[in-house]
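Residue numbers (the working numbering): 138 to 555.
Worksheet for the structure shown next.
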């Protein structure tokens, strides 16, 4: 039936990537046809919340999406990071070594390439972190399309690398993309953080109190000048992993399961639709080779490939890490290319980098999106072709690796972890 087919589609790793492509295509359609009036009206529609005289938030719809909905996205990232660090793929040095080193290379090399190309333009240099990001939804979707050409261990490697990449993005946003700070709002945000810590230490297992304090935290962080999405990460780290009174119920894993469908199938496509619309009127193919889009494209296509693959091979040669089980150098090379699909996170960081650039803001905002879309497209196609040309993985080996991946991780002293 149509319903069962739709449910099967949503279960596939490629489904989110397909929805993001559809959302991007719709954004392009709206931005380059008479529908652009509707598109602009949607993005610029003002929306405000007022609580008494002190709390008043008024923003256009675009910023509600980027500051509000994306805070929920970062809440989900924070939950995934905490779970993986405590009991998952990042819980031991052996597990974290290769993806951690690869993620470091995958952030450094693209940033260096971008800075070299844009040296001398102080405004353009604000975008140095744009090509350092990886869109895990797109990358995993393309990886799934390669079928039995890819060992299951590579999916684990890519997931762990993306988590480390997200951690790096969180740190970058906190350190480099915050505005003028408001002391009073920061103090109120600190009180909210303290309240979250107290709830955790008192072993409050209900999600609702955390959500109410988290909402207040988001408001105060938004008004403080620190980017509001970081409130989602802080809230995630306060959610308890294990319930000592009910070992079978994890508040963190419950919230993660509840948030994931809405984030994957609603928030990310809405974000893509709101941010990927590029009006091509007055632009030409040659604009792709201006410094900003060129730096982003080369960072995503060349920088990610060289950084992830180069650092990974070096780590294996030096005995610091081991190759993913059943994976060849060509497999690793293909996954490194897929890491150049920056899309969602690159668009997000690009918006932060160029939202306050003065009179040339619109130019930078448009050209950096061109670089992201072109670079992500080329990197995705290259990664897919490299993996498709790799030798098929032995079926028995793939099944064994998949069983290892799905086996429950050991949970030592979970009662003490929060």
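Just so you know, even glycine gets a beta-carbon here, dropped at the ideal spot from N, CA and C.
Everything numeric in this text was worked out from a predicted model, so none of it was measured.
Limits of the alpha helix (DSSP H) - the one that residue i falls within
i, result
"residue 468", "466 to 475"
"residue 230", "230 to 254"
"residue 446", "441 to 454"
"residue 347", "344 to 361"
"residue 220", "207 to 224"
"residue 381", "It is not in any alpha helix (DSSP H) - residue 381 carries neither H nor E in the DSSP assignment."
"residue 170", "Per DSSP, residue 170 belongs to no alpha helix (DSSP H) and is neither H nor E."
"residue 337", "320 to 338"
"residue 430", "428 to 435"
"residue 421", "Segment: none, residue 421 is in no alpha helix (DSSP H) and carries neither H nor E."
"residue 287", "That residue, residue 287, is in no alpha helix (DSSP H); it is neither H nor E in DSSP."
"residue 274", "273 to 282"
"residue 488", "480 to 491"
"residue 264", "Premise fails: residue 264 is in no alpha helix (DSSP H) and is neither H nor E."
"residue 528", "No alpha helix (DSSP H) holds residue 528; DSSP gives it neither H nor E."
"residue 369", "366 to 375"
Span of the beta strand (DSSP E), counted from its first residue to its last, around residue i
i, result
"residue 196", "192 to 197"
"residue 401", "Counting along the chain, residue 401 falls outside any beta strand (DSSP E), and DSSP gives it neither H nor E."
Residue from the options with nearest C-alpha to residue i
i, options, result
"residue 306", "155, 211, 471, 233", "211"
"residue 336", "377, 300, 355, 312", "377"
"residue 296", "198, 275, 526", "275"
"residue 429", "387, 397, 490", "490"
"residue 527", "390, 234, 287, 361", "287"
"residue 223", "292, 389, 503, 340", "389"
"residue 251", "431, 457, 391", "431"
"residue 379", "168, 314, 338, 176", "338"
"residue 468", "350, 348, 482, 446", "446"
"residue 382", "285, 342, 365, 349", "342"
"residue 475", "505, 455, 437", "437"
"residue 419", "500, 248, 409", "500"
"residue 397", "160, 178, 215, 159", "215"
"residue 154", "201, 277, 459", "277"
"residue 559", "313, 407, 523, 395", "For residue 559 there is no data in the structure shown, the boundaries of the chain being 138 and 555."
"residue 270", "239, 284, 291, 303", "303"
"residue 231", "201, 458, 320, 486", "458"
"residue 486", "161, 256, 309", "309"
"residue 422", "177, 507, 171, 517", "507"
"residue 313", "201, 192, 171, 363", "363"
"residue 183", "522, 171, 202", "202"
C-beta neighbour in chain C for residue i, strict 8 Å
i, result
"residue 253", "The structure shown contains no chain C; it is built from a single protein chain."
For residue i, the residue or residues it bridges with in DSSP
i, result
"residue 187", "193"
Distance CB(residue i)-CB(residue j) smaller than 8 Å
i, j, result
"residue 181", "residue 194", "no"
"residue 560", "residue 478", "Since the first residue shown for the chain is 138 and the last is 555, residue 560 is missing from the structure and cannot be characterised."
"residue 311", "residue 227", "no"
"residue 164", "residue 414", "yes"
"residue 480", "residue 262", "no"
"residue 484", "residue 515", "no"
"residue 512", "residue 433", "yes"
"residue 300", "residue 217", "yes"
"residue 448", "residue 280", "no"
"residue 361", "residue 330", "no"
"residue 372", "residue 347", "yes"
"residue 375", "residue 333", "yes"
"residue 452", "residue 234", "yes"
"residue 520", "residue 456", "no"
"residue 267", "residue 427", "no"
"residue 411", "residue 442", "no"
"residue 392", "residue 344", "yes"
"residue 440", "residue 246", "yes"
"residue 425", "residue 254", "no"
"residue 282", "residue 239", "no"
"residue 463", "residue 290", "yes"
"residue 359", "residue 204", "yes"
"residue 461", "residue 285", "no"
"residue 400", "residue 213", "yes"
"residue 160", "residue 409", "yes"
"residue 206", "residue 404", "yes"
"residue 264", "residue 444", "no"
"residue 384", "residue 173", "no"
Distance cut-off 7 Å: residue i Cβ against heavy atoms of the ligand COA
i, result
"residue 250", "Because no ligand of any kind appears in the structure shown, any question about the ligand COA cannot be addressed here."
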